[in-house]
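Below is one structure; the comments refer to it alone.
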Amino acid sequence: MLKTLADNVFSFDVEWIPDPKSGEILHHTEPASGPGQEARAAFEALWAEARKESDPADFQPYLKTILCKIVSLAGILRESLPGGRASLKLVSLPVDPNDASKSSEKVILTSFMNAVGRRKPQLVGYNSAQADVPIIVQRAIIHGLPGLGFSERPGKPWEGVDYFDARNSEYSIDLADAMGQFRDRPSLHQAATLSGIPGKIDVSGDSVAEMWLLGKLDEIVAYNEFDAFTTHLLWARVAHFSGLLNAEQYQAEQDLIRQLLESEIAVGKQHLEKYVTEWDRLLAITKAD
Numbered sequence: 015m016l017k018t019l020a021d022n023v024f025s026f027d028v029e030w031i032p033d034p035k036s037g038e039i040l041h042h043t044e045p046a047s048g049p050g051q052e053a054r055a056a057f058e059a060l061w062a063e064a065r066k067e068s069d070p071a072d073f074q075p076y077l078k079t080i081l082c083k084i085v086s087l088a089g090i091l092r093e094s095l096p097g098g099r100a101s102l103k104l105v106s107l108p109v110d111p112n113d114a115s116k117s118s119e120k121v122i123l124t125s126f127m128n129a130v131g132r133r134k135p136q137l138v139g140y141n142s143a144q145a146d147v148p149i150i151v152q153r154a155i156i157h158g159l160p161g162l163g164f165s166e167r168p169g170k171p172w173e174g175v176d177y178f179d180a181r182n183s184e185y186s187i188d189l190a191d192a193m194g195q196f197r198d199r200p201s202l203h204q205a206a207t208l209s210g211i212p213g214k215i216d217v218s219g220d221s222v223a224e225m226w227l228l229g230k231l232d233e234i235v236a237y238n239e240f241d242a243f244t245t246h247l248l249w250a251r252v253a254h255f256s257g258l259l260n261a262e263q264y265q266a267e268q269d270l271i272r273q274l275l276e277s278e279i280a281v282g283k284q285h286l287e288k289y290v291t292e293w294d295r296l297l298a299i300t301k302a303d
């Protein structure tokens with residue numbers, strides 16, 4: 015289980031789609047500057063290459079992350095305050111989904127790595143060691159970006175922050191590993207909802223590619239924010255189980271999340287109302303036991 019609670023914790027989730035440029039380079043599809051038929055053809059070429067003979071013709075297989083493009087990254091930044099208190103902040107990239115200059119993969123990656131390299135928080139994800147961290151690394155390398163402190167590694171795990179060794183470093187926490195191994199590993203949706211925490215609401219990861227093709231990046235970011243809140247609430251529950259948060263502190267963490275949701279709704283993020291409603295529904299069911 016978890017051993018350390020750092021001064022800064024970042025519970026995050028990444029959303030990605032097949033990269034049209036990968037289709038252009040590897041399968042000679044037409045260049046695609048954004049959503050549209052050219053991008054759809056590139057997606058299909060990448061999926062077709064990955065399908066097995068027994069798969070249906072319209073099956074969308076999981077692609078190697080290096081063939082994909084990050085379109086959104088969201089997280090909850092937790093900062094420790096004097097007196098044992100904490101503050102929470104919602105971080106969403108792109109900052110403005112309607113501004114193409116702020117929505118490119120390079121901007122998302124640079125913003126993330128710069129902030130993480132500067133603050134050095136504990137990174138918390140679900141299946142992050144196998145998916146989220148590798149795609150960040152792979153795509154940054156493809157773009158020729160510097161690691162900006164995110165890529166720095168100590169000589170030994172106990173000598174500093176290491177984001178690339180989830181089994182030994184206290185700064186790369188994969189909640190999926192904490193919840194189980196192999197066949198017994200639950201999905202984020204299963205682990206969350208059975209704990210009284212909202213899981214997938216209306217949208218699943220399989221829908222993201224189609225949403226992007228339809229120009230619905232704002233909806234992808236909203237979905238990504240749901241997963242960020244879910245990941246942090248599950249982290250708090252695991253931290254409580256691990257003895258890092260006592261009962262009072264665990265309740266305070268949930269209260270902080272609710273306050274953050276309310277403040278974000280107040281400034282216009284109405285989609286989060288659905289998250290609060292689902293949270294209340296699940297709490298009513300799980301607390302009935």
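Using the working numbering, the first residue of the sequence shown is number 15, and each one after it goes up by one. No residue lacks a Cβ here, since even glycine has one placed at the ideal position from N, Cα and C.
C-alpha distance - residue i paired with residue j, whole-angstrom precision
i	j	result
Leu81	Ser36	6 Å
Ala298	Met193	23 Å
Phe164	Phe126	9 Å
Glu166	Leu137	14 Å
Ala253	Lys17	9 Å
Glu93	Gly158	31 Å
Ala129	Val281	24 Å
Gly139	Val147	9 Å
Glu233	Leu202	20 Å
Gln204	His246	15 Å
Gly131	Gly161	8 Å
Trp172	Ser142	20 Å
Arg181	Phe196	15 Å
Val85	Ile156	15 Å
Ala56	His42	9 Å
Leu286	Ala206	17 Å
Asp269	Phe178	32 Å
Gly174	Gln74	40 Å
Lys120	Ile149	13 Å
Ser221	Ile215	12 Å
Lys288	Ala71	35 Å
Pro96	Arg251	22 Å
Leu91	Lys66	40 Å
Val217	Asp198	24 Å
Whole-Å CB distance - residue i paired with residue j, under 8 Å assumed
i	j	result
Tyr185	Asp176	6 Å
Trp249	Leu189	6 Å
Glu292	Pro212	4 Å
Ala154	Leu123	5 Å
Ala53	Leu227	6 Å
Burial state of residue i, where buried means 16 or more other Cβ atoms lie within 10 Å
i	result
Ala261	exposed
Gln265	exposed
Thr244	buried
Asn238	buried
Gly50	exposed
Val28	buried
Phe240	buried
Tyr76	exposed
Ser47	exposed
Arg295	exposed
Leu68	The question names Leu, but residue 68 is Ser in the sequence shown. Its Cβ having fewer than 16 others within 10 Å, Ser68 is exposed.
Ala223	buried
Pro45	exposed
Trp15	A small correction: the amino acid at residue 15 is Met; Trp does not occupy that position in the sequence shown. Met15 is exposed by the Cβ-count criterion.
Lys78	exposed
Pro168	exposed
Beta-carbon spacing of residue i, residue j below 9 Å
i	j	result
Leu274	Leu104	yes
Lys301	Gly229	no
Leu231	Asn112	yes
Ala114	Val235	no
Ala100	Glu276	no
Gly98	Gln263	yes
Asp110	Ser118	no
Leu102	Ile279	no
**Asked** Do the region 27-35 and the region 50-63 meet, that is, are 3 or more Cβ pairs less than 8 Å apart?
**Response** As far as the Cβ criterion goes, the region 27-35 touches the region 50-63, which means the pair count is three or higher.
**Item:** Three or more C-beta pairs below 8 Å linking the region 18-28 and the region 38-54
**Value:** Three or more beta-carbon pairs separated by less than 8 Å are not found between the region 18-28 and the region 38-54, which leaves the two stretches without contact.
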